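Asks: Once you've had a glance at the structure underneath, I'll fire off some questions.
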Amino acid sequence: QKEVEQNSGPLSVPEGAIASLNCTYSDRGSQSFFWYRQYSGKSPELIMSIYSNGDKEDGRFTAQLNKASQYVSLLIRDSQPSDSATYLCAVNEGYNNNDMRFGAGTRLTVKP
Amino acid sequence: NAGVTQTPKFRILKIGQSMTLQCTQDMNHNYMYWYRQDPGMGLKLIYYSVGAGITDKGEVPNGYNVSRSTTEDFPLRLELAAPSQTSVYFCASSYFDNEQFFGPGTRLTVL
């Protein structure tokens, strides 16, 4: 069974702090990794994708991938109350899209 | 550019009834997907399609059917609705680069 695990939270950080979200996956053959943000009652919205080991930065967001440890993380710098949402980690085994697995999500609250 | 649209937004079904959830995308994406999301859970793939006329099962296909007659449309059919199918259903689409774009969802309750 291919699993994607996330700490369900809630994770609470003060405004301006760094929020660190973690995700582990069981399938060593996984090739593509994604972070989605989902506001309550809304649909998931893609915020980051990463395919190679290392860091990928986009504005206040940094995704980190370590395939040897089967670990992917998302750092949010200078956290804002508007970042309060559930963050879903998604992992895809192949280069097509028929085996995308999602974690249950981590709920983040940024307190003003 | 509307992106991915879904209808209806909400629906209540009685056990044993059938319905079709509609999904349309205007981004000319080849790939389309149907997911369900239960409370506190991640998304589970029901069916997907890599192009018109081609569909395949995902992780949880039982109780559902799909068709893909055009690039734009990917309806999901529920036959003989059961309480276990109470969920939020999301349609998504992507081109070839793995990044999926989601519709607003359909909240379905089966009583």
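Residue numbers (the numbering used here), protein chains in the order written: chain A, 422 to 533; chain U, 2 to 112.
Where a beta carbon is used, it is the ideal one built from N, C-alpha and C, also for glycine.
Bear in mind the structure is a predicted one, so any value in this text is a computation, not a measurement.
#1: Per DSSP, what are the beta-bridge partners of T445 of chain A in this structure?
#2: If you follow the beta strand (DSSP E) that T507 of chain A is in, where does it begin and where does it stop?
#3: Which one or two residues does DSSP pair with G52 of chain U in a beta bridge?
#4: Can you tell me the Cα-Cα spacing of T483 of chain A and A525 of chain A, whole angstroms?
#5: Using a cut-off of 8 Å between C-beta atoms, extract the partners of V425 of chain A located in chain U.
#6: Less than 8 Å between CB atoms is the rule here; does A525 of chain A satisfy it with respect to chain U?
#7: Just grab the DSSP bridge partners of V67 of chain U for me.
#8: On a CA-only basis, which of U:R12, U:G59, U:L46, U:F103 is nearest T21 of chain U? Give me that one, please.
#9: Against I513 of chain A, what residues of chain U qualify as contacts under a CB-to-CB distance less than 8 Å, listed in chain order?
#10: List in chain order: all unbroken beta strand (DSSP E) runs of 3+ residues lying wholly within the region 460 to 486 of chain A.
#11: Does the region 34 to 49 of chain U come close enough to the region 89 to 99 of chain U that 3 or more CB-CB pairs lie under 8 Å?
Replies: Reading from the atomic positions:
#1: For T445 of chain A, which the question treats as bridged, DSSP gives the partners A:E426, A:Y492.
#2: 506 to 513
#3: U:I55
#4: 20 Å
#5: Near V425 of chain A (Cβ distances below 8 Å), the residues of chain U are G43.
#6: yes
#7: Paired residues: U:L77.
#8: Nearest C-alpha to T21 of chain U: U:R12.
#9: Position check: residue 513 of chain A holds Asn in this sequence, whereas Ile was assumed. Those within 8 Å of N513 of chain A in chain U are N99.
#10: 466 to 471, 475 to 479
#11: yes
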